[in-house]
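Chains A and G, in that order, are what the protein sequence lines are.
Terminal number for the first sequence in numbering that gives the first Met the number 0: 297, no gaps in between.
Terminal number for the second sequence in numbering that gives the first Met the number 0: 297, no gaps in between.
Accompanying notes for the structure given below.
Number of protein chains: 2
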Amino acid sequence: MKHFATRLWDAVDQKGNAAMIGLDPRPDHFPQPFGMRAQNSISEAAVAMKAYHRELLDVLAPKIPIVKPQAAFFEALGVAGYAAMLDAMAYAKELGILVLLDAKRGDIGSTSTAYAKAYFSGEACPAADALTINPYLGEDACQPFLEVAQQHQAGLFVLVKTSNPGAGLFQDHGQPPLADQVALAVHRWGLQNMNGCSWSSVGAVVGATRPAELAHFRKLMPHAPLLLPGFGFQGGSADGLQAAFDSNGHGGIVNSSRGILWAHERKDLQHIPNWQDRVDFAVDEMLQALAPVQKAGV
Amino acid sequence: MKHFATRLWDAVDQKGNAAMIGLDPRPDHFPQPFGMRAQNSISEAAVAMKAYHRELLDVLAPKIPIVKPQAAFFEALGVAGYAAMLDAMAYAKELGILVLLDAKRGDIGSTSTAYAKAYFSGEACPAADALTINPYLGEDACQPFLEVAQQHQAGLFVLVKTSNPGAGLFQDHGQPPLADQVALAVHRWGLQNMNGCSWSSVGAVVGATRPAELAHFRKLMPHAPLLLPGFGFQGGSADGLQAAFDSNGHGGIVNSSRGILWAHERKDLQHIPNWQDRVDFAVDEMLQALAPVQKAGV
Numbered sequence: 000m001k002h003f004a005t006r007l008w009d010a011v012d013q014k015g016n017a018a019m020i021g022l023d024p025r026p027d028h029f030p031q032p033f034g035m036r037a038q039n040s041i042s043e044a045a046v047a048m049k050a051y052h053r054e055l056l057d058v059l060a061p062k063i064p065i066v067k068p069q070a071a072f073f074e075a076l077g078v079a080g081y082a083a084m085l086d087a088m089a090y091a092k093e094l095g096i097l098v099l100l101d102a103k104r105g106d107i108g109s110t111s112t113a114y115a116k117a118y119f120s121g122e123a124c125p126a127a128d129a130l131t132i133n134p135y136l137g138e139d140a141c142q143p144f145l146e147v148a149q150q151h152q153a154g155l156f157v158l159v160k161t162s163n164p165g166a167g168l169f170q171d172h173g174q175p176p177l178a179d180q181v182a183l184a185v186h187r188w189g190l191q192n193m194n195g196c197s198w199s200s201v202g203a204v205v206g207a208t209r210p211a212e213l214a215h216f217r218k219l220m221p222h223a224p225l226l227l228p229g230f231g232f233q234g235g236s237a238d239g240l241q242a243a244f245d246s247n248g249h250g251g252i253v254n255s256s257r258g259i260l261w262a263h264e265r266k267d268l269q270h271i272p273n274w275q276d277r278v279d280f281a282v283d284e285m286l287q288a289l290a291p292v293q294k295a296g297v
Numbered sequence: 000m001k002h003f004a005t006r007l008w009d010a011v012d013q014k015g016n017a018a019m020i021g022l023d024p025r026p027d028h029f030p031q032p033f034g035m036r037a038q039n040s041i042s043e044a045a046v047a048m049k050a051y052h053r054e055l056l057d058v059l060a061p062k063i064p065i066v067k068p069q070a071a072f073f074e075a076l077g078v079a080g081y082a083a084m085l086d087a088m089a090y091a092k093e094l095g096i097l098v099l100l101d102a103k104r105g106d107i108g109s110t111s112t113a114y115a116k117a118y119f120s121g122e123a124c125p126a127a128d129a130l131t132i133n134p135y136l137g138e139d140a141c142q143p144f145l146e147v148a149q150q151h152q153a154g155l156f157v158l159v160k161t162s163n164p165g166a167g168l169f170q171d172h173g174q175p176p177l178a179d180q181v182a183l184a185v186h187r188w189g190l191q192n193m194n195g196c197s198w199s200s201v202g203a204v205v206g207a208t209r210p211a212e213l214a215h216f217r218k219l220m221p222h223a224p225l226l227l228p229g230f231g232f233q234g235g236s237a238d239g240l241q242a243a244f245d246s247n248g249h250g251g252i253v254n255s256s257r258g259i260l261w262a263h264e265r266k267d268l269q270h271i272p273n274w275q276d277r278v279d280f281a282v283d284e285m286l287q288a289l290a291p292v293q294k295a296g297v
C-alpha cells in the first residue's frame, strides 16, 4: 500500500477535487425516512444512522475523495452508535472513499499506542486511513501515534489551530504562539514519515480565519497535508484557501459537514424531490466553489 | 443527586481513602482464566474483558471509592470492547463505585455537547460520574462540557499538567507556562460549578513531579479536585502528594493502574493462590502508603 499522503493526492486527482465531507450525524437532521425511524428510541436511531450512512455514502462516492466521520455523534448513541460508525467506515472503504476518523484522540505511552492500533491496525475496527489527534500531552504522547501510523501507512492530522472563536485562549498563548510551536513539532515529526515523497503523512488541522494566517502555517509545515475545516456553515468560504495548495492542486483538503448533510432541509432546494439529489446538488456547489482555489495554488 | 465533588468526598470518607484504580485492560496481562480465553480472537478477548472487569470490580468495591476506565484499551477491541467498557461502568455504579471515564475528549461546539451528553446523560451509555477532557481547543470548546456536566451533576477533570516526560514541550510553553494558563481557566470555569460547596466539580489532572509544583497548582486552583496520576508503575510515590489535600483528607484522588491490575504477576505474591487476593493485597499496600498523605493534608 502507498503511504497516506500519496493515497490522498491520488484520490484527489481521481475525483478531481479536494473536498472532504464530515459525517456529523444528528438524528434530528436526518432526511426521511431515517428521521422518522430515529425518533422513538436510541436503538432505532442507531439503526437509522447505519442505514442513512450507507445511502449517503452511495451519493458521495462518485465525487468525494475522503470523508471524516466525527466520533462524538456516533458515541452519543452508545454501543449501537459506535457500531454504526465502524460500519460507515467499512462501507466508505468498500466504495473507495478514504476515511479520516475525526476522534481527536490523545493520551500517553501505551495508551496512545492502544488508540492508534484500534483505528489503524484493522484488527478490531475497519482501518482508518487517517486520524485526528490532540497534541496537548506532548512529544512522547504523539510518538506512538506516529509509529503505528507509519507501520500501517496511515495518516495523522494534528490539531494545530482550530477555527472556533475561543481557540486563541491556549493556542495563541506565548511568544511565539503555542500553535506555532505545535506546527514546528508537526513539521519535525512529519520528516520521519515522508517515505521519499514530497508530502508527509503527518498533517495538521488549520482553521485559519485569514489568508495570511494560512500562508504562515503552510510555511511552518511545508510538507504537511492541511485539513481546512469550516467551509460552509462555520462561516468559512473557499476564498483565501489557495495558500494551502501547490500547483498540482495538492496540499489541502477542505471540509464541509452540515452544508452537505443538511442540504435536504434547504428551502431553495425543495423543487428537487429526493434528499439524495439535494445533497448531490450541494456537493456540486461546493466543488464549483473549490475549483478555482485548487487551480490557483502556488 | 448531590453535585460531583460532594459525591466524591462522601465516597472517599466512606471508604476511608482517596485511591482510584485505573482500568487499563490489556488482555496479555489478564489473570487466568481470562488471559487464556482472550488469546484466540478479538471477540473472545472482549468477552473475557467484560467478565474480568466484573470480577475485578467485585474485589475493588469494598475498599475503592472511584475507578477510572481508560477508553483506549476498550476501543482497541472494537464494538465488543466498547460494550465491555459500558458494562464495566454500569457494574461499577451498581456496586456503588464512582466512575471517572478517562477518555480525554475534546472538540468544539455541538460536537463537545455530543460527547458530554453521550457520557453524562445516561441515555445511550451508563452515566459516568466524571470525564477527563483535553483543553487545547479553548474556552468555547470546554463550555459545552461544563454546561452538560452541570445539568447532570457530573464532574470534569481537565488536563492541566501531565506526568509523561515529554509533557513540557507544549505545557511549559510561554511565560507563564501554558499549564498555568490552563489552571487559571480551570479555576475560573470551576467557579460556575460550586453549587454552594467549597469544592468545584471542575477538577484537573495534575501529574506534578515535585511537591512544590503540586503546591503551585493547588494554589492556582484552590477549589478543584486534583486527579494525581502515576502512583506506582509510572514512578510516582505517595511522598509529596500532601499539597493536594486539606485537613479533611479531601482535595485529591490518587490513581494506580498497572500497580494493581498486574499484581497477580508479582513474583513476591505467588504464595497467594488467587489473583483476586493478590490484587487485594496490592490495594492494601496502596492504601497504607496513602494513609499518612491524606492525614497530613494542610
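Even glycine gets a Cβ: it sits at the ideal position worked out from N, Cα and C.
Can you list the residues of chain G that residue i reaches, using a CB-CB cut of under 9 angstroms?
i, result
"Gln170/A", "Tyr135, Leu136, Gly137"
In angstroms, rounded to a whole number, what distance separates the CA positions of residue i and residue j?
i, j, result
"Ala262/A", "Lys49/A", "19 angstroms"
"Val282/A", "Ala288/A", "10 angstroms"
"Phe232/G", "Leu268/A", "The predicted model places Phe232/G with a pLDDT of 48, which falls under 50 and marks its position as unreliable, so this point remains unresolved."
"Gly195/G", "Gln13/G", "22 angstroms"
"Arg209/G", "His222/A", "39 angstroms"
"Lys294/A", "Leu286/A", "12 angstroms"
"Ala10/A", "Gly202/A", "16 angstroms"
"His52/G", "Ala237/A", "50 angstroms"
"Leu94/G", "Pro68/G", "15 angstroms"
"Met0/G", "Ser162/A", "37 angstroms"
"Met193/G", "Val181/G", "18 angstroms"
"Pro224/G", "Ser256/G", "19 angstroms"
"Gln241/G", "His215/G", "12 angstroms"
"Gly108/A", "Ala115/A", "11 angstroms"
"Arg187/G", "Ile132/G", "16 angstroms"
"Leu97/A", "Ile63/A", "9 angstroms"
"Ala79/G", "Ala47/G", "10 angstroms"
"Glu212/G", "Trp198/G", "21 angstroms"
"Arg265/G", "Phe119/A", "33 angstroms"
Under the DSSP definition of a beta bridge, which residues are partnered with residue i?
i, result
"Lys69/G", "It should be pointed out that residue 69/G corresponds to Gln in this sequence rather than to Lys. Asp101/G."
"Lys160/A", "Val205/A"
"Ala18/A", "Val253/A"
Mapping the DSSP letters down to three states, classify residue i as helix, strand or coil.
i, result
"Met0/G", "coil"
"Ile259/G", "helix"
"Leu130/A", "strand"
"Ala214/A", "helix"
"Leu168/A", "helix"
"Glu225/G", "Residue 225/G is actually Leu in this sequence, not Glu. Leu225/G falls in the strand class under three-state DSSP."
"Leu155/A", "strand"
"Phe29/G", "coil"
"Glu122/G", "coil"
Could you name the residues of chain A that residue i contacts, counting a contact when the two beta carbons are closer than 8 angstroms?
i, result
"Ala71/G", "Arg104, Asp106, Thr110, Ser111, Ala113, Tyr114, Ala117"
Between the Cα of residue i and the Cα atoms of the options, which residue gives the shortest distance?
i, options, result
"Pro61/A", "Phe72/A, Lys92/A, Ala45/A, Ala75/A", "Lys92/A"
"Thr122/A", "Ser111/G, Glu74/G, Pro175/G, Gly206/G", "Residue 122/A is actually Glu in this sequence, not Thr. Here the closest residue by C-alpha is Glu74/G."
"Lys218/A", "Leu183/A, Gly15/A, Gly105/A", "Leu183/A"
"Gly258/G", "Ala18/G, His2/G, Ala4/G", "Ala18/G"
"Val253/A", "Val292/A, Thr131/A, His215/A", "Val292/A"
"Leu260/A", "Val278/A, Pro272/A, Asn247/A", "Val278/A"
"Ile65/G", "Ala82/G, Ile41/G, Gly250/G, Asp128/G", "Asp128/G"
"Leu99/G", "Arg265/G, Leu85/G, Gly239/G, Gly167/G", "Leu85/G"
"Gln31/A", "Leu55/A, Ile20/A, Gln191/A, Phe119/A", "Leu55/A"
"His28/A", "Phe72/A, Leu226/A, His249/A", "Phe72/A"
"Gly137/A", "Ala117/G, Ser120/G, Leu177/G, Phe156/G", "Leu177/G"
"Met220/A", "Pro164/A, Phe33/A, Leu190/A, Lys266/A", "Leu190/A"
"Pro134/A", "Gly105/A, Gly165/A, Leu145/A, Gln150/A", "Gly105/A"
"Ala126/G", "Thr110/A, Ala82/A, Leu76/A, Cys141/A", "Leu76/A"
"Gly21/G", "Pro272/G, Gly248/G, Phe230/G, Ala290/G", "Phe230/G"
"Trp8/A", "Ser200/A, Arg25/A, Phe33/A, Pro175/A", "Ser200/A"
"Phe244/G", "Arg6/G, Asn16/G, Phe3/G", "Asn16/G"
For residue i, which residues in chain G fall below 7 angstroms Cβ to Cβ?
i, result
"Asn163/A", "Ile107, Gly108, Leu136, Gly137, Asp139, Ala140"
"Glu146/A", "Simply none; closest approach about 14 angstroms."
"Ala166/A", "Leu136, Gly137"
"Gly80/A", "Ala123"
"Ile63/A", "Within chain G, no residue comes near Ile63/A; the closest Cβ sits about 21 angstroms away, beyond 7 angstroms."
What in chain G is Cβ-close to residue i, meaning under 8 angstroms?
i, result
"Val181/A", "Phe169"
Can you name the residues of chain A whose CB is closer than 9 angstroms to the CB of residue i?
i, result
"Ile41/G", "Glu122, Ala123"
"Ala184/G", "Leu168, Phe169"
List, in chain order, every chain A residue whose beta-carbon is nearer than 7 angstroms to that of residue i.
i, result
"Gly77/G", "Leu85, Ala123, Cys124"
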